[in-house]
Structures are given as C-alpha cells and as structure tokens.
Amino acid sequence: MSTSTPSEGVTPDAVENAIELKEVEGLSQGRIVMRRFVRHRGAMASVVVLLGIVVLVTTSIGWGPIPGWWQHGFRDLNPIVNPGGAPTMGFDGGFSIGTHPFGQDNIGRDVFAMVMRGTQQSLTVMVVIGLSGTVIGVLLGALSGFFRGWIDNVVMRFTDMVITIPVIMVGAILGVLVGGANPWTLALALSLVTWTTMARLVRAQFFALREQEFVDAARVAGASNARIMFKHILPNAVGVIIVNATLLMASAILLETALSFLGFGIRPPEVSLGQLINEYQAAFATRPWLFWWPGAFIVTIALCVNFIGDGLRDAFDPRQRRIPTKRALAKADAKAIKKAAKSLADA
Numbered sequence: 066m067s068t069s070t071p072s073e074g075v076t077p078d079a080v081e082n083a084i085e086l087k088e089v090e091g092l093s094q095g096r097i098v099m100r101r102f103v104r105h106r107g108a109m110a111s112v113v114v115l116l117g118i119v120v121l122v123t124t125s126i127g128w129g130p131i132p133g134w135w136q137h138g139f140r141d142l143n144p145i146v147n148p149g150g151a152p153t154m155g156f157d158g159g160f161s162i163g164t165h166p167f168g169q170d171n172i173g174r175d176v177f178a179m180v181m182r183g184t185q186q187s188l189t190v191m192v193v194i195g196l197s198g199t200v201i202g203v204l205l206g207a208l209s210g211f212f213r214g215w216i217d218n219v220v221m222r223f224t225d226m227v228i229t230i231p232v233i234m235v236g237a238i239l240g241v242l243v244g245g246a247n248p249w250t251l252a253l254a255l256s257l258v259t260w261t262t263m264a265r266l267v268r269a270q271f272f273a274l275r276e277q278e279f280v281d282a283a284r285v286a287g288a289s290n291a292r293i294m295f296k297h298i299l300p301n302a303v304g305v306i307i308v309n310a311t312l313l314m315a316s317a318i319l320l321e322t323a324l325s326f327l328g329f330g331i332r333p334p335e336v337s338l339g340q341l342i343n344e345y346q347a348a349f350a351t352r353p354w355l356f357w358w359p360g361a362f363i364v365t366i367a368l369c370v371n372f373i374g375d376g377l378r379d380a381f382d383p384r385q386r387r388i389p390t391k392r393a394l395a396k397a398d399a400k401a402i403k404k405a406a407k408s409l410a411d412a
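Heads up: the sequence shown begins at 66 in the numbering used here, then just goes up one per residue.
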C-alpha cells in the first residue's frame, strides 16, 4: 500500500469528519453546541450588537432601579438648540454628540431619550411574548404529541382555528382592550395568539421522540407520563424550542411595532418605536431624523434576533456541515486525517 501525504487522496468529507471528531472528542452536547454557535460570525456579531443596545437603553435614561446618565428625560421639554430641532451630533472641529445627538421634535423633546424609552418598551414586549408564547406552545404541543388521540385532535383543531384568524386583527382588538400604557399586559395578551407555530413544531418532535427506545425504557422502569414528557423527551427537543423562541421574539417586536404604528398598541403617555414612527411619518421629508432613528433600532433588533436564531439552528442541527477554512485545515492533525481517509477507503 503506497504512502501519501495528508492532502493526497483525502476527500472533503474525510477532512470534515476528522476536524469534527477532533473538536467534539470528550465534549458534552452543550459545549459542542456552544462551540458551533461561537463560530457563527453573524450570530456572534448580532449578540454583541444586541447586548450593546440593551446596555445603552438600560443605562442611558435609566430603567427601573438602574439610574441613568443621560441629561434629558423622554418627557422633558427643552429649548430647541438647532433650527428645526436638527441633531447636534457632528464632526465640526472633531466628533461631538452635543446635547441632542438624535435631534429634537417640534416641542423640544429629546429624540435620543424617546428612542431609548421606545426601545425599552419594545424589548419588554419582545421578551415577554417570546417567553410566554413559548411556554404555551410547548405545553400544548407536548400534550398533543405525547398523548395523541382525542387530546391531539382537540388541541390541533383549536390551533387551526387560531391560525386562521389574522394575527394583526386579533392584536388590534387586544391592543384596544388591554393596550394603552401597559406593555406587560399588551405582551401577555398578544402571546395568546402567537404560540401556534411553536405548538405545531413541539408536537412533531414529541410524535417522533415518543417512539424511541429510551422512552420505552423509561416506561418499563415505571416512570410517569409527566416524567417521561419533561425529563426524557423535552430535553431532546430543546434545540427546536430555543431556535423557534428566538424567531418568535423577532416576529413579536415587528408585531408590536405594527400595532403601535396603527394606534392599537402602546399609547401615550408611554412611548414605543412604532408609535414614534407613526407620530413623525409626516416629518419624513423635512426632518427625517425623527423617522429614521426609531426605524433603525427596529430593523437592527429584528435582524440581530434573526441572525442569532440562524446561529442557534446551525449549532443544534447535527446535519449542518460547516465548510472547513484554510486555518481549520492547517490546524487539523495530519494523523487524524490519514486515519479518517483510511477508514473511508476500507469501507
């Protein structure tokens, strides 16, 4: 048998298998997922940006017990500094943010403070809808997929009924009834119509996992249905749940923005990003900073959450195959590559 260098006769699959084998050897499933997620550049960049936004909106104007360092409140009426309330941020004589970096509206309110407050409210709605909608969807999907029969029929027919109703219409009705100045109540109400996709996905996972041998072993050992569902099956479906929870959060912030823009969501005296866009859409041509800043924060947050969801999906999915980079190939052990190539040739 002729000898060959590590780069001769080695298929891309052999290289990938060797790298994966070397990387996951001795690691728990959690650490494997974390390593894959950290290597997703888009997801990691989104985590950094999203954390930066959270820190900024939390500390700038203060939030709850956290004091703020910004000099203006989102309700304060200030003297208009620049003509038309133009932003004071600029590069004249060096970069400077000035007293109103995002500008002012026509009555002197600081746009930066209002955008920070609106982002706080939108983030609150996003997280509450994501968590509560996930809990509802997981519980209903688990019951439906595990017990099947009439329970499955009842849950799925109810799910189908909720899906057929336009979410924006239901959200508008709920916004009128429970919206106003309380984002928590609005978020909890909206979570009643945003759980359907999660329930269907969890149901499919439980349908497949309940037939596995480890479930039969748990039944033979005398485990109760509740223990089998939440101790044995649910941990194996956690990847799908986490990924779709992030996607639900991205949809939630867009739903809240749309409702507030239409006047059915968070209403004065509170502030939300959608409300700011609605209030200042008429000023788009003459004072665009009033429109662009809340829009930029909405788009940035939604994109970050979606990229994080993509990274989590790739990290949890064992079928995802990453393309090895030159650096990864250079660091791969030559002996491991030869061994992988020999195993493939013998097979």
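Each residue gets a CB set at the ideal place from its N, CA and C atoms; glycine is no exception. As the structure is a prediction and not an experimental result, all values here were calculated from the model.
For residue 285, the enclosing alpha helix (DSSP H) has its first and last residue at 278-285. CA-to-CA, the gap between residue 233 and residue 182 works out to about 24 Å.
Selection 305, 251, 189 and 111 evaluated against residue 203 yields 305 as nearest (Cα-Cα). When C-beta atoms of the stretch 317-330 are compared with those of the stretch 167-181, fewer than three pairs fall below 8 Å, so the two segments do not count as touching. Within 10 angstroms of the beta-carbon of residue 279 lie fewer than 16 other beta-carbons, which makes it exposed. Residue burial is scored here from C-beta neighbours: residue 248 has at least 16 other C-beta atoms within 10 angstroms and is therefore classed as buried. Judged by DSSP secondary structure, residue 234 falls within the alpha helix (DSSP H) whose first and last residues are 232-243. Only buried fits residue 372, as 16 or more other CB atoms lie within 10 angstroms of its CB. Boundaries of the alpha helix (DSSP H) harbouring residue 308: 303-327, taken from the DSSP string.
By the Cβ test, the stretch 112-132 is in contact with the stretch 178-194, since at least three Cβ pairs between them sit closer than 8 Å.
DSSP places residue 225 within a helical segment (H, G or I) once states are collapsed to three. The three-state secondary structure of residue 194, taken from DSSP, is helix. Under the three-state reduction of DSSP output, residue 379 falls in the helix class. Residue 128 has 131 as its beta-bridge partners, per DSSP.
Proximity to residue 357 across 167, 95, 255 and 210 peaks at 167, based on C-alpha coordinates. The continuous alpha helix (DSSP H) containing residue 97 extends over residues 94-103.
When the alpha-carbon of residue 355 is set against those of 364, 343 and 238, the nearest one is in 343.
Going by DSSP, residue 263 is part of the alpha helix (DSSP H) stretching over 261-274.
Inclusion of residue 265 and residue 224 in the CB contact set at 8 Å is warranted, their separation being smaller than that value. The beta-carbon distance between residue 259 and residue 198, rounded to whole angstroms, is 4 Å. This is short enough to meet the 8 Å contact definition. The three-state secondary structure of residue 330, taken from DSSP, is coil. Inclusion of residue 340 and residue 325 in the CB contact set at 8 Å is warranted, their separation being smaller than that value. Residue 254 has its alpha-carbon roughly 30 Å from the corresponding atom of residue 133. The DSSP-derived three-state label of residue 185 is helix.
8 Å or more divides the Cβ of residue 206 from the Cβ of residue 294. Shown here, residue 163 sits in coil according to DSSP, grouped into three states, outside any helix or strand.
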